[in-house]
Each structure stands twice: as C-alpha cells, then as structure tokens.
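Asker: Please find one structure pasted underneath; my questions will follow.
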Amino acid sequence: MDEKFILYILLFFLGIISLLVGVIVYLILVLNRRPESNLKQYFDKLTRDFKRGRSEQTFFCQNHPDVSGSTVCRICEKVFCEACTKEHDSMLFCVEHFDLIIKNEWAEIAAAIVSPNDSDHSMFLYDFKKQLWEKDKIPSFVQVHYKINVDSDQIESHVKLFAKKAEAEALRGRLVFFQKTEEGSVSFSQ
Ligand SMILES: [Zn+2]
Ligand SMILES: [Zn+2]
Numbered sequence: 003m004d005e006k007f008i009l010y011i012l013l014f015f016l017g018i019i020s021l022l023v024g025v026i027v028y029l030i031l032v033l034n035r036r037p038e039s040n041l042k043q044y045f046d047k048l049t050r051d052f053k054r055g056r057s058e059q060t061f062f063c064q065n066h067p068d069v070s071g072s073t074v075c076r077i078c079e080k081v082f083c084e085a086c087t088k089e090h091d092s093m094l095f096c097v098e099h100f101d102l103i104i105k106n107e108w109a110e111i112a113a114a115i116v117s118p119n120d121s122d123h124s125m126f127l128y129d130f131k132k133q134l135w136e137k138d139k140i141p142s143f144v145q146v147h148y149k150i151n152v153d154s155d156q157i158e159s160h161v162k163l164f165a166k167k168a169e170a171e172a173l174r175g176r177l178v179f180f181q182k183t184e185e186g187s188v189s190f191s192q
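Just so we're aligned: the sequence shown equals residues 3 to 192 in my numbering.
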C-alpha cells in the first residue's frame, strides 16, 4: 500500500478521535454545570432600578456583611454568599425561602416569550413580582427557560412567574390590573 495513503487514513482516524474526545469533554462540562447564578440578571435589574431611582440593596451577603454575595434568592431578591443559599430545581434560594419552596405547591401565574432583542417585554413580570413582595410579602419567583425557535432560528426566553397554588387564581386577576399600564404579550396559565 502507498505510504501516503496510510498516512491519510491515520490522519482521518486521528481527526475522528479528537472530535469524539471534544464531544465527550463538552458533554461532561454541560452535565456538571452548577445551577446558573442569576446574579447577572439581578445586576441588570439593579442597574435599571438605580436609573429609576429606586435601589437600596447591597452586594454583600445578608447574613455576613463582610462576605461579598455570590447569588440572589429568587423569592426575596436579597444577596447571599454561597454558604447561605440552597438549590432547588436549578434555582438558588436563601435558607428561609428554600424551606418555603419545598413545603408548598407552586403554580404558573403567567408566561411571556421574548427574543433576546426585546427582553424588556418580560420586565412587567419581574416588576409585578417585586410589587407582590414589597407591598404584601406574597412570595413568587421567576423561572426562565431558553428554547430555540426553529422557524426564526432564534433563541427565545420563556419567562414564567410562579406563586403558591392556593394564591394563583387571585394573583392572575391582580396581574391583569397591573398589566393594563404595561406593554408586552402575556399568556395566562390555567
Ligand atoms: Zn430569600
Ligand atoms: Zn452568607
């Protein structure tokens, strides 16, 4: 057999093997990923609130004033260090609200589907959540899933607001009133 031919065959298999190793390393990285920290989202929101002149939070752990925070509780939106948070369903909560999460049944209140360019259209869900908590201490949380829209070949964010099942119906009604002054397409969950 031609020496060159054997060399090509060897290179071909070497290529295949590197590709497989690449895929395996990628899968390991994806599967071992820590629950996403919502800190960036929080900073974005904080910046927005700051511009509106309503921000009074700090970036240090609520329990350890000398430790900088690493994440934000989904319920109370306060900053905590890693030791002060617990994970449930890929979301992080402070210890108090982790208990609340696992002891209650939760139902979807509303959902908004937004593309990366118009993410402001889901802001009313975050604003509504903030109002529920600040005015009435009603707990709720926002969960975001990313999906690829095959038709437009774009990544969409499915932004969903959850609250206690027992309060869900009343809160859907309240959101309708809240939304009357807001833009955005919303679908109410049954
Ligand atoms: Zn909390
Ligand atoms: Zn802490």
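For every residue, glycine included, the Cβ atom is placed at its ideal position computed from N, Cα and C.
Give every residue of the same chain whose Cβ lies closer than 6 Å to the Cβ of L31, excluding the five residues on either side of it in the sequence, and list them in chain order.
Answerer: none
Asker: So the alpha helix (DSSP H) V161 belongs to, where does it begin and stop?
Answerer: Where V161 is concerned, there is no enclosing alpha helix (DSSP H), although the beta strand (DSSP E) it sits in stretches over 156-166.
Asker: Taking the alpha carbon of I111 as the point to measure from, which residue in P67, E169, N119 has its own alpha carbon closest?
Answerer: E169
Asker: Please state the DSSP three-state secondary structure of N106.
Answerer: coil
Asker: Quick one: using the 10 Å Cβ neighbour count with 16 as the cut-off for buried, is S117 buried or exposed?
Answerer: exposed
Asker: For the alpha helix (DSSP H) containing Q133, name the first residue and the last one.
Answerer: It spans 125-138 - the alpha helix (DSSP H) in which Q133 sits, taken as one unbroken run.
Asker: Quick check: is any heavy atom of ligand 1 less than 8 Å from the C-beta of I140?
Answerer: It does not: the Cβ of I140 is nowhere closer than 8 Å to a heavy atom of ligand 1.
Asker: Does DSSP put I77 in a helix, a strand or coil?
Answerer: coil
Asker: Below 8 Å CB to CB, which residues in the same chain sit around I104 once its five sequence neighbours on both sides are set aside?
Answerer: H90
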